[in-house]
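Counting with mature numbering (1 follows the signal peptide of the UniProt record, and there is no 0), you get residues -28 to -1, 1 to 91 for the letters of the sequence shown. By construction, the Cβ of each residue, glycine as well, lies at the ideal position given by its N, Cα and C atoms. Everything below concerns the one structure shown next.
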Amino acid sequence: MSIKKILFMSAALSTALFLNGCSNSNYQATSAGRQVQFIDTKPAANCQFIGKAEGRRGTFFSGLKTHSELISDAATDLMNKAAAMGGNVIYNAQDASLQYVSDIAPTDAVMTGEVYRCK
């Protein structure tokens, strides 16, 4: 094998490993984000609507994470954003990703929901 081929393969492998490390970083819930709950039923009358929020998670290379893993990270991002808005409940959370693209080559996941503050 020539020196050029070895150098090229070495550089390609290093770049792939570096980018894989960047794209696989885990989204972590903040302490406030961990207090946020997802609910399926309409919030009680004592809950105040704050607004809508969107959680996102993307990876530059498709195939490094499944859509399920990406949407889990997007849910964590949504919880953190809801907490930053002052909310503690997310109602009507939905996967707003472009599903037909996500199934083939999952590169981005989006989750939306309505943020409430319940006492």
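When D12, A81 and M57 are compared against L70, the one with the closest alpha-carbon: Locating residue 70 in the sequence shown gives position 98, counting from the first residue. L70 has its Cα closest to that of A81, out of D12, A81 and M57.
So, helix, strand or coil for Q(-1), using DSSP? Counting from one through the sequence shown, the residue named residue -1 turns up at place 28. In the structure shown, Q(-1) sits in coil (DSSP, three-state: anything other than H, G, I, E or B).
Which of the three DSSP states is assigned to G(-8) in this structure? Start at 1 with the first residue of the sequence shown, and residue -8 comes out as number 21. Note that G(-8) scores 48 on pLDDT, short of 50, meaning its location in the model is unreliable and no value can be drawn from it.
DSSP on K24, reduced to helix/strand/coil? Mapped onto the sequence shown, residue 24 falls at position 52. Note: K24 maps to strand in three-state DSSP.
Can you grab the Cα-Cα spacing for the pair R28 / K53, in whole Å? Locating residue 28 in the sequence shown gives position 56, where the first residue counts as 1. Locating residue 53 in the sequence shown gives position 81, where the first residue counts as 1. Each residue's Cα considered, the two are about 10 Å apart.
Below 8 Å between beta carbons: does that hold for F10 and Y88? Your numbering for residue 10 matches position 38 in the sequence shown. Your numbering for residue 88 matches position 116 in the sequence shown. No, these two residues do not count as a Cβ contact at 8 Å.
What span of residues does the alpha helix (DSSP H) with M51 cover, start to end? Here residue 51 refers to the residue found at position 79 of the sequence shown. H39 to A56 is the extent of the alpha helix (DSSP H) around M51.
Between which two residues does the beta strand (DSSP E) containing N64 stretch? Position 92 of the sequence shown, counted from the start, is the residue given in the question as residue 64. Counting along the chain, the beta strand (DSSP E) containing N64 begins and ends at V61 to D67.
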